[in-house]
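Numbering (this note's numbering), first residue to last: 3 to 208. Here a beta-carbon is modelled for each residue, glycine too, at the ideal position from N, C-alpha and C.
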Amino acid sequence: MEHIILSLLLLKGMTIYEMRTYIQQNLSTVCSDSLGSIQAAIKKLLEKAYIEVEEYIDNNMLKKQYSVTEKGVIYFKEWIGTPMNIQKMKNMEEGKFFFLGMASQEKRIAFIKDYIKSLNAEYDKLCQIQQFVDNTKESVIETNIIRIRNESLLAEHLLNVSEESDLKNVISNIYDYQMYMLEYGLARLREDIVFYEKILNRELNQ
3 MEHIILSLLL LKGMTIYEMR TYIQQNLSTV CSDSLGSIQA AIKKLLEKAY IEVEEYIDNN
63 MLKKQYSVTE KGVIYFKEWI GTPMNIQKMK NMEEGKFFFL GMASQEKRIA FIKDYIKSLN
123 AEYDKLCQIQ QFVDNTKESV IETNIIRIRN ESLLAEHLLN VSEESDLKNV ISNIYDYQMY
183 MLEYGLARLR EDIVFYEKIL NRELNQ
């Protein structure tokens, strides 16, 4: 969660609720969107001085906007340059499936049916997102380039982390890899749906 928050704040200063909304809309398959998890991660990042907070009034309400510090940029650059660790990508819920044979057949069938239903719902959601981003790609990239160029510190941080000289290349690369993650999610969901439907058929034919 700490790295997700740093990633978001490198693109834009955000409040906790803006972070949560972004995670709910774009990263629900990657990490939790619980307010408690986000707040705990922010607390750790503040303690390490990787981020800082600025308070302001908006519509008579006190708000807190978080941003990355120079120390946070250095830490993030080191982390993003480290190869992915397959051990940290494992889903603990898979342990439940490993021991599902301990449950009754009725419960096994219900579990698998419910899981297939949730997989299909997530797949449909990602398909809608993919269609939307395909239609808005160019305008989104251009809008973000203009916005970040107007915030010199954000531009400086992104160029530092990416080691690029052109901000347009950075934004385009960020967008491309977000789309690759979406493609990966769709591919994995398709495979999972086929797999669990096969297991369900075995259960129903016993």
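Bridge partners - residue i, DSSP secondary structure assignment
i	result
Asp-60	Met-63
Tyr-198	DSSP, once it has assigned bridges, lists no residue as partnering Tyr-198.
Glu-54	Ser-69
Met-3	According to DSSP, Met-3 bridges with nothing at all.
DSSP-derived helix/strand/coil call for residue i
i	result
Glu-166	coil
Tyr-186	helix
Glu-153	coil
Val-75	helix
Ser-120	helix
Met-86	coil
Tyr-177	helix
Cys-104	Sequence inspection shows Met at residue 104; the Cys mentioned does not correspond to that position. Helix at Met-104.
Met-21	helix
Sub-7 angstroms separation of residue i and residue j beta-carbons
i	j	result
Tyr-68	Ile-82	no
Met-63	Cys-33	no
Gln-26	Asp-35	yes
Gly-74	Leu-8	yes
Leu-128	Gly-38	no
Tyr-125	Leu-202	no
Gln-177	Ile-143	The sequence given here places Tyr at residue 177; Gln does not occur at that position. Contact flag set, yes.
Own chain, CB closer than 7 angstroms to residue i, minus 5 neighbours either side, in chain order
i	result
Ile-148	none
Tyr-77	Tyr-52
Lys-46	Glu-4
Gly-15	Gln-67, Tyr-68 and Ser-69
6 angstroms Cβ shell around residue i - same chain, five flanking residues per side excluded
i	result
Gln-132	Leu-184
Val-172	Leu-160, Ser-164 and Glu-166
Whole-Å CB distance - residue i paired with residue j, under 8 angstroms assumed
i	j	result
Ile-195	Ile-118	6 angstroms
Ile-44	Ile-18	7 angstroms
Leu-11	Val-70	5 angstroms
Val-135	Met-86	Not confirmed; about 23 angstroms, so no contact.
Residues near residue i by beta carbon distance below 8 angstroms, same chain, minus five either side
i	result
Leu-1	An answer regarding residue 1 cannot be provided, because it is not within the stretch 3 to 208 covered by the chain.
Glu-205	Gln-107, Arg-110, Ile-111 and Ile-114
Asn-175	Ser-164 and Glu-166
Asn-122	Ile-195
Lys-65	Thr-17, Glu-57, Tyr-58 and Ile-59
Heavy atom of the ligand MG within 6 angstroms of residue i beta-carbon
i	result
Tyr-179	Summarising the ligand content, the structure contains no ligands, and the ligand MG is consequently not present.
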